[in-house]
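Undergrad: Okay, here's the structure, questions in a sec.
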Amino acid sequence: MTDSTCTTCQEGETALMPPLHLMIIAGEASGDLHGAHLIRALKARLPDVKISGVGGWYLQTEGMEVVSSSDELAVVGVSEVVKKLLTVFKVYRHLSRVLRDQRPDLLILVDYPEFNLRLARVAHRLGIPIVYYISPQVWAWRSYRAKLIQRLVTKMIVIFPFEREFYQRYGVDVEWVGHPLTDAVSSSLTKDAFCTHYGLDPARPIIGLLPGSRESEAERLLPVMREAAQQLHQRDPNVQFVLPVASSLEHSKLFETTLPEFVHLTRHHTYETIHAADVIVTASGTVTVEAAILETPMIITYIVSPLTYWLGRKFIKVPFIGMVNLIAGKQIVPELIQEQATPERIVHEILTLLDDPAALDRLRQELRHVHEKLGEPGAPARAAEVIVKLLSRTHPVS
Numbered sequence: 001m002t003d004s005t006c007t008t009c010q011e012g013e014t015a016l017m018p019p020l021h022l023m024i025i026a027g028e029a030s031g032d033l034h035g036a037h038l039i040r041a042l043k044a045r046l047p048d049v050k051i052s053g054v055g056g057w058y059l060q061t062e063g064m065e066v067v068s069s070s071d072e073l074a075v076v077g078v079s080e081v082v083k084k085l086l087t088v089f090k091v092y093r094h095l096s097r098v099l100r101d102q103r104p105d106l107l108i109l110v111d112y113p114e115f116n117l118r119l120a121r122v123a124h125r126l127g128i129p130i131v132y133y134i135s136p137q138v139w140a141w142r143s144y145r146a147k148l149i150q151r152l153v154t155k156m157i158v159i160f161p162f163e164r165e166f167y168q169r170y171g172v173d174v175e176w177v178g179h180p181l182t183d184a185v186s187s188s189l190t191k192d193a194f195c196t197h198y199g200l201d202p203a204r205p206i207i208g209l210l211p212g213s214r215e216s217e218a219e220r221l222l223p224v225m226r227e228a229a230q231q232l233h234q235r236d237p238n239v240q241f242v243l244p245v246a247s248s249l250e251h252s253k254l255f256e257t258t259l260p261e262f263v264h265l266t267r268h269h270t271y272e273t274i275h276a277a278d279v280i281v282t283a284s285g286t287v288t289v290e291a292a293i294l295e296t297p298m299i300i301t302y303i304v305s306p307l308t309y310w311l312g313r314k315f316i317k318v319p320f321i322g323m324v325n326l327i328a329g330k331q332i333v334p335e336l337i338q339e340q341a342t343p344e345r346i347v348h349e350i351l352t353l354l355d356d357p358a359a360l361d362r363l364r365q366e367l368r369h370v371h372e373k374l375g376e377p378g379a380p381a382r383a384a385e386v387i388v389k390l391l392s393r394t395h396p397v398s
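Structural data, given as structure tokens:
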């Protein structure tokens with residue numbers, strides 16, 4: 001056979017190769033959003049790629065073929081895990097079968113470690129390469145899982161700079177790409193435009209109330225925030241309150257009867273609310289990073305079931321629950337945890353900031369430093385490039 005014939009055969013074989021099939025598992029709302037940005041960046045490089053997996057609205061919008069919905073997996077705390085254990089196990093069994101039957105070219109895991117690390121064992125046994133995008137917080141507790149990650153995961157892609165050093169100590173193949181929220185977080189409205197739209201006075205203080213994106217979380221925090229707003233309103237009717245309803249809670253009945261009439265509800269304007277607020281009272285989690293990017297002072301509140309809190313105190317090895325404080329390496333915003341998260345304490349912390357404009361300015365400067373540590377915009381594109389390079393080892397990728 002001539003060289004030219006061989007070349008023709010190889011070209012024909014390449015042309016007949018099926019499109020790359022990537023499976024992504026994003027079991028939570030934040031993972032759905034970050035996963036969607038990653039898939040969009042991957043499709044810019046690999047237009048014919050097939051994407052399937054677990055996710056919500058954002059990933060489905062990017063063309064993901066749904067294997068299971070992330071709604072089946074979204075839980076907060078140990079007690080909620082117990083309630084949904086059977087559902088989670090059924091999803092795990094189903095995904096294990098799909099991995100065996102379809103053998104995707106790559107499995108992309110987004111955070112959600114309790115579930116994803118178990119699924120990683122299945123993929124590893126099947127010889128499917130694994131990329132973990134957005135690290136589980138193994139640096140906070142159960143750090144022994146880093147050894148498991150080193151054994152199972154082909155490439156770890158992290159979004160916080162301190163995570164790279166942590167994983168390097170365990171011999172994990174890791175790359176830091178920066179935080180994807182630096183691309184996503186911005187306000188489409190100026191403060192004046194926001195206030196005009198919602199009938200607020202930009203010259204008066206605005207407090208944002210963000211009780212979380214999961215119903216179980218909001219059920220715990222909303223009554224405390226509501227009472228804090230009531231007390232502060234009685235002390236100073238000049239203060240205005242705004243609560244952005246999370247997209248995941250749009251159909252919840254939580255907000256129908258539980259809020260005083262002076263609390264303004266907003267929909268699809270979460271970033272605009274944070275941007276316009278002088279101070280926000282917020283659940284812990286991704287929203288604290290979003291607020292840091294918008295450089296809005298915040299008070300973090302955290303209430304979970306007694307069992308989850310007991311386990312957290314026993315096993316969590318980091319000094320703060322707020323990511324902004326962890327990134328800063330010190331406490332720059334208040335953290336009101338469990339029994340500390342009372343209406344009276346929230347009111348005290350709000351007034352401490354509102355009554356001291358210089359302290360507010362110092363806090364905004366600290367948040368600016370946190371924002372800078374998150375890296376330059378372009379994290380999803382950089383993560384996609386890491387994945388394309390990994391795929392090119394075994395597949396013809398242009």
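Mind the numbering: the sequence shown is residues 1 to 398 in the UniProt record's numbering, read in order.
C-beta: ideal position from N, C-alpha, C; glycine also.
Please read all numbers here as calculations on a predicted model, not as lab measurements.
Mind checking whether S392 and E272 have CB atoms under 8 angstroms apart?
TA: Residue 392 sits at position 392 when you count from the first residue of the sequence shown. Residue 272 sits at position 272 when you count from the first residue of the sequence shown. No, the Cβ-Cβ distance between S392 and E272 is not below 8 angstroms.
Undergrad: Just mark P19 as buried or exposed, buried being the case when its beta carbon has 16 or more other beta carbons within 10 Å.
TA: Working through the sequence shown from its first residue, we reach residue 19 at position 19. Exposed is the call here.
Undergrad: Rounded to the nearest angstrom, what separates R118 and V138 at their Cα positions?
TA: Residue numbering aside, residue 118 sits at position 118 when the sequence shown is read from its first letter. Residue numbering aside, residue 138 sits at position 138 when the sequence shown is read from its first letter. Taking the straight line from one Cα to the other gives about 15 angstroms.
Undergrad: Exposed or buried, which one is F115 when buried takes at least 16 other CB atoms within 10 Å?
TA: Within the sequence shown, residue 115 is the residue found at index 115, counting from 1. That one is buried.
Undergrad: What is the DSSP secondary structure of W176, counted as helix, strand or coil?
TA: Translated into positions along the sequence shown, residue 176 becomes position 176. In the structure shown, W176 sits in a strand (DSSP, three-state: E or B).
Undergrad: Please state whether the Cβ-Cβ distance between I206 and A276 is less than 8 angstroms.
TA: As a first step, residue 206 is located in the sequence shown; it is residue number 206 there, counting from the start. As a first step, residue 276 is located in the sequence shown; it is residue number 276 there, counting from the start. Yes. Within cutoff.
Undergrad: By a C-beta neighbour count over all protein chains shown, 10 Å radius and 16 as the cutoff for buried, is T286 buried or exposed?
TA: Locating residue 286 in the sequence shown gives position 286, counting from the first residue. Looking at its Cβ environment, which holds 16 or more other Cβ atoms inside 10 Å, T286 is buried.
Undergrad: Counting Cβ pairs closer than 8 angstroms, one from the region 129–138 and one from the region 30–37, do we hit at least three?
TA: Touching, yes, given that three or more Cβ pairs across the two stretches are closer than 8 angstroms.
Undergrad: Does the distance from the C-beta atom of L200 to that of P211 stay below 8 angstroms?
TA: The residue you call residue 200 lines up with position 200 of the sequence shown. The residue you call residue 211 lines up with position 211 of the sequence shown. No, the pair does not count as a contact, with Cβ atoms beyond the cut-off.
Undergrad: Give the secondary structure of E335 by DSSP, where H, G and I count as helix, E and B as strand, and everything else as coil.
TA: Stepping through the sequence shown from its first residue, residue 335 is reached at position 335. Note: E335 maps to strand in three-state DSSP.
Undergrad: Going by alpha carbons, who is nearest to F166 out of P180, S143, H179, V177?
TA: Stepping through the sequence shown from its first residue, residue 166 is reached at position 166. F166 has its Cα closest to that of S143, out of P180, S143, H179, V177.
Undergrad: With 16 as the cutoff for other CB atoms within 10 Å, does residue 402 come out buried or exposed?
TA: The structure shown does not extend to residue 402, since the chain spans only 1 to 398, so no value can be given for it.
Undergrad: Can you tell me whether DSSP reads I206 as helix, strand or coil?
TA: Position 206 of the sequence shown, counted from the first residue, corresponds to residue 206. Residue state, collapsed to three classes: strand.
Undergrad: Checking 8 angstroms against the spacing of the C-beta atoms, do I299 and P334 come in under that value?
TA: As a position in the sequence shown, residue 299 is number 299, starting the count at 1. As a position in the sequence shown, residue 334 is number 334, starting the count at 1. Yes, Cβ-Cβ distance for I299 and P334 is below 8 angstroms.
Undergrad: Beta carbon of L126, beta carbon of L99: below 8 angstroms?
TA: On the sequence shown, residue 126 is found 126 positions in, with the first residue counted as 1. On the sequence shown, residue 99 is found 99 positions in, with the first residue counted as 1. The answer is yes: Cβ separation under 8 angstroms.
Undergrad: How about the region 309–329 and the region 357–376: do they share at least three Cβ pairs that are nearer than 8 angstroms?
TA: Touching, yes.
Undergrad: Skipping 5 residues on each side, what residues in its chain have a beta carbon closer than 7 angstroms to that of R364?
TA: Taking the first residue of the sequence shown as position 1, residue 364 is located at position 364. For R364, where only same-chain residues beyond five positions count, the Cβ hits under 7 angstroms are E295, P297.
Undergrad: Measuring straight from C-alpha to C-alpha, what distance separates R362 and L353?
TA: In the sequence shown, residue 362 corresponds to position 362, counting from 1. In the sequence shown, residue 353 corresponds to position 353, counting from 1. Straight-line Cα distance between these residues: approximately 10 angstroms.
Undergrad: Rounded to a whole number of angstroms, what is the C-alpha to C-alpha distance between R40 and L307?
TA: Within the sequence shown, numbered from 1, the residue matching residue 40 stands at position 40. Within the sequence shown, numbered from 1, the residue matching residue 307 stands at position 307. Spanning the two alpha carbons is a distance of roughly 39 angstroms.
Undergrad: Measure the C-alpha to C-alpha separation of K317 and L243 and round it to an integer number of angstroms.
TA: Counting from 1 along the sequence shown, the entry for residue 317 is found at position 317. Counting from 1 along the sequence shown, the entry for residue 243 is found at position 243. So the alpha carbons of these two residues sit roughly 32 angstroms apart.
Undergrad: Buried or exposed for G55, going by 16 or more other Cβ atoms inside 10 Å?
TA: Numbered from 1 along the sequence shown, position 55 holds the residue referred to as residue 55. It counts as buried.
Undergrad: Please state whether the Cβ-Cβ distance between A229 and P202 is less than 8 angstroms.
TA: As a first step, residue 229 must be located in the sequence shown, where it is residue number 229. As a first step, residue 202 must be located in the sequence shown, where it is residue number 202. Contact flag unset, no.
Undergrad: Near A120, which residues of its chain fall below 7 angstroms by C-beta distance, leaving aside the five closest residues on each side in sequence?
TA: As a position in the sequence shown, residue 120 is number 120, starting the count at 1. Here the set comprises L109, I130, L152, V153.
Undergrad: May I have the straight-line CA-CA distance separating H268 from A383, to the nearest angstrom?
TA: On the sequence shown, position 268 is the one that residue 268 refers to. On the sequence shown, position 383 is the one that residue 383 refers to. Answer to the nearest angstrom: the Cα atoms are 27 angstroms apart.
Undergrad: In whole angstroms, give me the CA-to-CA distance for F320 and T282.
TA: Counted from its first residue, the sequence shown places residue 320 at position 320. Counted from its first residue, the sequence shown places residue 282 at position 282. So the two alpha carbons sit approximately 15 angstroms from each other.
Undergrad: Going by DSSP, what residue range makes up the beta strand (DSSP E) through M298?
TA: By 1-based counting over the sequence shown, the position of residue 298 is 298. Taken as a continuous stretch (DSSP letters only), the beta strand (DSSP E) holding M298 covers 298–302.
Undergrad: Reducing DSSP to helix, strand and coil, say where T8 ends up.
TA: Translated into positions along the sequence shown, residue 8 becomes position 8. Unreliable positioning characterises T8 in this predicted model, as indicated by a pLDDT of 47, which lies under 50. The coordinate reading is nonetheless provided below. If DSSP states are grouped into helix, strand and coil, T8 belongs with the helices.
Undergrad: Apart from the five residues just before and just after K155, which ones in its own chain have a Cβ nearer than 6 angstroms to its Cβ?
TA: Counting from one through the sequence shown, the residue named residue 155 turns up at place 155. Around K155: V131, D173, L390.
Undergrad: Can you list the beta strand (DSSP E) stretches of 3 or more residues lying completely in the region 319–397, in chain order?
TA: With a minimum length of 3 residues, the continuous beta strand (DSSP E) runs that stay inside the region 319–397 are 335–337.
Undergrad: Classify E256 as buried or exposed, calling it buried when 16 or more other Cβ atoms lie within 10 Å of its own Cβ.
TA: Along the sequence shown, read from residue 1 onward, the residue named residue 256 stands at position 256. E256 is exposed by the Cβ-count criterion.
Undergrad: Any idea if D48 is buried or exposed, counting beta-carbon neighbours within 10 angstroms, 16 or more meaning buried?
TA: On the sequence shown, position 48 is the one that residue 48 refers to. So D48 counts as exposed.
Undergrad: Within its chain, find whatever has a CB closer than 7 angstroms to the CB of Y170; leave out the 5 residues flanking it on each side and keep chain order.
TA: Stepping through the sequence shown from its first residue, residue 170 is reached at position 170. Result list for Y170: A146, K147, Q150, in chain order.
Undergrad: Compare the Cα-Cα distances from L106 to each of L42, Q168, E227, V324 and report the closest residue.
TA: Taking the first residue of the sequence shown as 1, we reach residue 106 at position 106. Looking at the Cα atoms, L42 is the closest of the given residues.
Undergrad: Can you tell me whether R313 is buried or exposed? The criterion is at least 16 other CB atoms within 10 Å of its CB, across all chains shown.
TA: For the purposes of this step, residue 313 is taken as the residue at position 313 of the sequence shown. When all chains shown are included, R313 counts as exposed.
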